[in-house]
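Visitor:
Residue numbers (the UniProt record's numbering), protein chains in the order written: chain A, 1 to 348; chain B, 1 to 348.
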């Protein structure tokens, strides 16, 4: 940072707080952008200071996805709202098979929010974006009065390019297809709830928050004809499977025994009265692919750190009712319905 | 809407309200999306129900821009948060010279917010997007508890394509260039403040909220070498000129008499103790172009409804201090500084 005549006194990132002037569009906002946002998110397009980022994408099909983040608490085992906002949107872009290119970030700050916490969040965002190779290239900051927000909300939007020949969509599941998950279910939701409720489990449960685009890239390289990909976030695996069944006009048959759930997550869910199939994940995906490609796909996924615990959990069936049914551990069968009501508010 | 076994009872758009389950990811959220968002924003990419929109843009340079909207009140003379969220982001994209292609919209709703108001906002958004020819193709909805938000916040993100040969950026102003504005200053901010404070002026002052991309398209067709374009929103004309002077490393000299301000806006500003040069606009732009192109540019702008009151207001000068100076109506000169503090909170 060079000295700037506009800002004789630097922002106090230790004891300072957001005030309404930081959303004014004027001098205070310019200082917040310069000394906090641009300091961490130091991409040349952002530094340039225009209201939009300019770039030349490779030719071909693109995707765009947006996701608001209102998670509470803001900091949790395994991440914070900053890293989550990067991972969440990268994953939504990647679930089309796309290679994510760029992110935009819109912040809504509450008056009085500590600048030190904001700096910690933006630094975490920058680390997550750098690690993923998907920079934040443009942004926006608004401030609302105390009691009209909740610390910080972050809406991230991502764009990406879809490799030629790839067509992944929620309406492509066909009877006979196989259903896979990339690892254990429920880690994120249980980590958040434990933190929120101050539950001191013996083993700390950490969020699985992670960027899945590289896992997806290896998957589509091995099996270009993947039919569906989706990350089971809010509403968990159960809701995601119901969405896919609904979009594709099919039923699904899964096996409870085949679904990976960590012992400590299962125990916490039992204690809390939660079903892990409805608990949010932030670093897992569901894949649907043709039966004759499933073994190849699961082996490929096993070769990637974020897919090491991947498993085939069931198959797509014909069903005009579009039900998701599960063979339970006891050999019975039950319908796994859409999440009704709200299991875990503000989980992402 | 066809009947859907998942939702035996339709959303009550007359008396219903947002509750936490509408952010769950489950059944209630699917219903809100189906019966409210998709009903109005009926683009095929949105209806498909994937977490991302897929499209093939024309080849070449692109821009991306994002903007959070936290305006209070939500409904005001000349618009509402829905139309504003569409216009605001279209304008940020267009200020690069780009043709806007698509929008993404992220909603953060407060528990208890009337569904009827939400429907009115989303319908307004749809009308604005349709009128502009820039559809909302993907979105997201989150819900926060009562007292943790303020009705509705909308973050819109836009992408667009930049025509070949166009290079518009805040760092391109050069000494000798001419500065233009597309119309009267301060209408939006005064309209919002009048509504907020329940000031009953004789003449209702309406926001100038409008999408400027078609005006921009005619401008760059006539004068491809426009150097800078920016919409003087938060912080008003004064702040925008200071931003451009700072980015380009130049000074600016403007003439007070040349800056269009409506008589009723000037009167309201005097009453409220505001300087119209610092009041937000949502349907105006500032342009900087080479001197020998300025007449052609202003004539072109006069030919478009949104530029009918365009005016040349000053010129770019050499100045290592990067000051914006104004020749006042009395023949004196004063420095027009960055906005300090917060003149009008939550104006957009």
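Ideal Cβ positions, reconstructed from N, Cα and C, are used throughout, including at glycine.
Terminal residues of the continuous alpha helix (DSSP H) containing residue 223 (chain A)?
Guide: Against the first chain, residue 223 (chain A) aligns to sequence position 223. Per DSSP, residue 223 (chain A) belongs to no alpha helix (DSSP H) and is neither H nor E.
Visitor: Determine the chain B residues that contact residue 56 (chain A) at a beta-carbon separation under 8 Å, and present them in chain order.
Guide: As a position in the first chain, residue 56 (chain A) is number 56, starting the count at 1. The answer, in chain order, is 60, 61 and 62.
Visitor: Does residue 227 (chain A) have its Cβ less than 7 Å from a Cβ in chain B?
Guide: Within the first chain, residue 227 (chain A) is the residue found at index 227, counting from 1. So no, residue 227 (chain A) is outside the interface.
Visitor: Say whether chain A places a C-beta atom closer than 7 Å to the C-beta of residue 172 (chain B).
Guide: In the second chain, the residue the question calls residue 172 (chain B) occupies position 172. So, not an interface residue.
Visitor: Quick one: which residues of the stretch 23-40 of chain B get their C-beta closer than 8 Å to a C-beta of chain A? List them in chain order.
Guide: 23, 24, 25, 26, 27, 28, 29 and 30
Visitor: Quick check on residue 71 (chain A): does DSSP put it in helix, strand or coil?
Guide: For the purposes of this step, residue 71 (chain A) is identified with residue 71 of the first chain, where counting begins at 1. Here residue 71 (chain A) sits in coil by DSSP.
Visitor: Quick check on residue 250 (chain B): does DSSP put it in helix, strand or coil?
Guide: Looking up residue 250 (chain B) in the second chain gives position 250. Note: residue 250 (chain B) maps to coil in three-state DSSP.
Visitor: Would you list the one or two residues that DSSP bridges to residue 289 (chain A)?
Guide: Taking the first chain and counting its residues from 1, one reaches residue 289 (chain A) at position 289. Answer is A:178.
Visitor: Please report the straight-line C-alpha distance between residue 338 (chain B) and residue 51 (chain B), rounded to a whole angstrom.
Guide: On the second chain, residue 338 (chain B) is found 338 positions in, with the first residue counted as 1. On the second chain, residue 51 (chain B) is found 51 positions in, with the first residue counted as 1. Going by the C-alpha atoms only, they are around 41 Å apart.
Visitor: Can you grab the Cα-Cα spacing for the pair residue 67 (chain B) / residue 61 (chain A), in whole Å?
Guide: Here residue 67 (chain B) refers to the residue found at position 67 when the second chain is read from its first residue. Here residue 61 (chain A) refers to the residue found at position 61 when the first chain is read from its first residue. Rounded to whole angstroms, residue 67 (chain B) to residue 61 (chain A) spans 25 Å at the Cα level.
Visitor: How would you label residue 100 (chain A), buried or exposed, when you count the other beta carbons within 10 angstroms and need 16 or more for buried?
Guide: By 1-based counting over the first chain, the position of residue 100 (chain A) is 100. Buried: at least 16 other Cβ atoms inside 10 Å.
Visitor: What's the C-alpha gap between residue 200 (chain B) and residue 191 (chain B)?
Guide: Residue mapping note: residue 200 (chain B) aligns to position 200 of the second chain, counting from 1. Residue mapping note: residue 191 (chain B) aligns to position 191 of the second chain, counting from 1. C-alpha separation (whole angstroms): 11 Å.
Visitor: Distance cutoff 7 Å, beta carbons only. Does residue 89 (chain A) sit that close to anything in chain B?
Guide: Here the question's residue 89 (chain A) lines up with position 89 in the first chain. Not one chain B Cβ lies under 7 Å of residue 89 (chain A).
Visitor: Could you pull the start and end residues of the alpha helix (DSSP H) that residue 93 (chain A) belongs to?
Guide: Counting from 1 along the first chain, the entry for residue 93 (chain A) is found at position 93. 81-94 is the span of the alpha helix (DSSP H), which, as asked, contains residue 93 (chain A).
Visitor: Is it true that the stretch 43-58 of chain A meets the stretch 168-177 of chain A, where meeting means three or more beta-carbon pairs spaced less than 8 Å apart?
Guide: no
Visitor: Quick one: which residues of the stretch 72-104 of chain A get their C-beta closer than 7 Å to a C-beta of chain B? List them in chain order.
Guide: Of all residues in the stretch 72-104 of chain A, those with a C-beta nearer than 7 Å to a C-beta of chain B are 92, 93, 95, 96, 102 and 104, reading in chain order.
Visitor: Note the first and the last residue of the continuous beta strand (DSSP E) segment covering residue 101 (chain B).
Guide: Numbered from its first residue, the second chain carries residue 101 (chain B) at position 101. Residues 99-110.
Visitor: Whose Cβ in chain B lies nearer than 9 Å to the Cβ of residue 230 (chain A)?
Guide: The residue you call residue 230 (chain A) lines up with position 230 of the first chain. What residue 230 (chain A) touches in chain B: 50 and 51.
Visitor: Measuring only the C-alpha atoms, how far is residue 64 (chain A) from residue 320 (chain B)?
Guide: Here residue 64 (chain A) is taken as the residue at index 64 of the first chain, counted from 1. Here residue 320 (chain B) is taken as the residue at index 320 of the second chain, counted from 1. The straight-line gap from Cα to Cα measures roughly 42 Å.
Visitor: Got a sec? Which residues, its chain only, sit under 6 Å from residue 336 (chain A) by beta carbon, not counting five neighbours each side?
Guide: Position 336 of the first chain holds residue 336 (chain A). Excluding positions up to five away in sequence, the list reads 238, 324 and 326.
Visitor: Does any C-beta atom of chain B lie closer than 7 Å to the C-beta of residue 339 (chain A)?
Guide: Here residue 339 (chain A) corresponds to residue number 339 of the first chain, with the count starting at 1. It does; some Cβ of chain B falls within 7 Å.
Visitor: Spell out a yes or no on whether the stretch 261-279 of chain B and the stretch 174-186 of chain B are touching, meaning 3 or more CB-CB pairs, one atom from each, closer than 8 Å.
Guide: yes
Visitor: According to DSSP, is residue 37 (chain A) helix, strand or coil?
Guide: Working through the first chain from its first residue, we reach residue 37 (chain A) at position 37. Note: residue 37 (chain A) maps to helix in three-state DSSP.
Visitor: DSSP on residue 311 (chain A), reduced to helix/strand/coil?
Guide: In the first chain, residue 311 (chain A) corresponds to position 311, counting from 1. If DSSP states are grouped into helix, strand and coil, residue 311 (chain A) belongs with the strands.
Visitor: Please compile the residues from chain B whose C-beta is within a distance smaller than 9 Å of the C-beta of residue 20 (chain A).
Guide: The residue you call residue 20 (chain A) lines up with position 20 of the first chain. Residues of chain B passing the Cβ test: 341, 342, 345 and 346.
Visitor: Which residues, in order along the stretch 189-200 of chain B, keep a beta-carbon less than 9 Å from a beta-carbon of chain A?
Guide: none
Visitor: What three-state label does DSSP hand residue 230 (chain B) in the structure shown?
Guide: On the second chain, residue 230 (chain B) is found 230 positions in, with the first residue counted as 1. Three-state result, residue 230 (chain B): strand.
Visitor: Please state whether DSSP places residue 52 (chain B) in a helix, a strand or coil.
Guide: Translated into positions along the second chain, residue 52 (chain B) becomes position 52. Residue 52 (chain B) falls in the coil class under three-state DSSP.
Visitor: Cβ of residue 335 (chain B) less than 7 Å from any chain A Cβ?
Guide: In the second chain, residue 335 (chain B) corresponds to position 335, counting from 1. Closer than 7 Å: no.
Visitor: Could you pull out every residue in the same chain whose Cβ sits closer than 7 Å to the Cβ of residue 15 (chain A), ignoring the five residues on either side in sequence?
Guide: As a working mapping, residue 15 (chain A) is identified with position 15 in the first chain. There are no such residues.
Visitor: Leaving out five residues before and five after residue 7 (chain A) in sequence, what residues of the same chain have Cβ atoms less than 6 Å from its Cβ?
Guide: Stepping through the first chain from its first residue, residue 7 (chain A) is reached at position 7. Excluding sequence neighbours, residue 7 (chain A) sits near 31.
Visitor: By the three-class DSSP mapping on this structure, what secondary structure does residue 124 (chain A) have?
Guide: Looking up residue 124 (chain A) in the first chain gives position 124. It is helical.
Visitor: At least one CB of chain B closer than 7 Å to the CB of residue 151 (chain A): is that the case?
Guide: As a working mapping, residue 151 (chain A) is identified with position 151 in the first chain. Not closer than 7 Å to any Cβ of chain B, the Cβ of residue 151 (chain A) fails to qualify, so no.
Visitor: Who pairs with residue 325 (chain B) in a beta bridge, going by DSSP?
Guide: The count along the second chain starts at 1 and reaches residue 325 (chain B) at position 325. Partner(s): B:253 and B:335.
Visitor: Applying the 10 Å Cβ sphere with the 16-neighbour rule, what's the burial state of residue 331 (chain A)?
Guide: If you number the first chain from 1, residue 331 (chain A) lands on position 331. With fewer than 16 Cβ atoms within 10 Å of its Cβ, residue 331 (chain A) is classed as exposed.
Visitor: Is the stretch 112-130 of chain B touching the stretch 70-82 of chain A, taking contact as three or more C-beta pairs under 8 Å?
Guide: no
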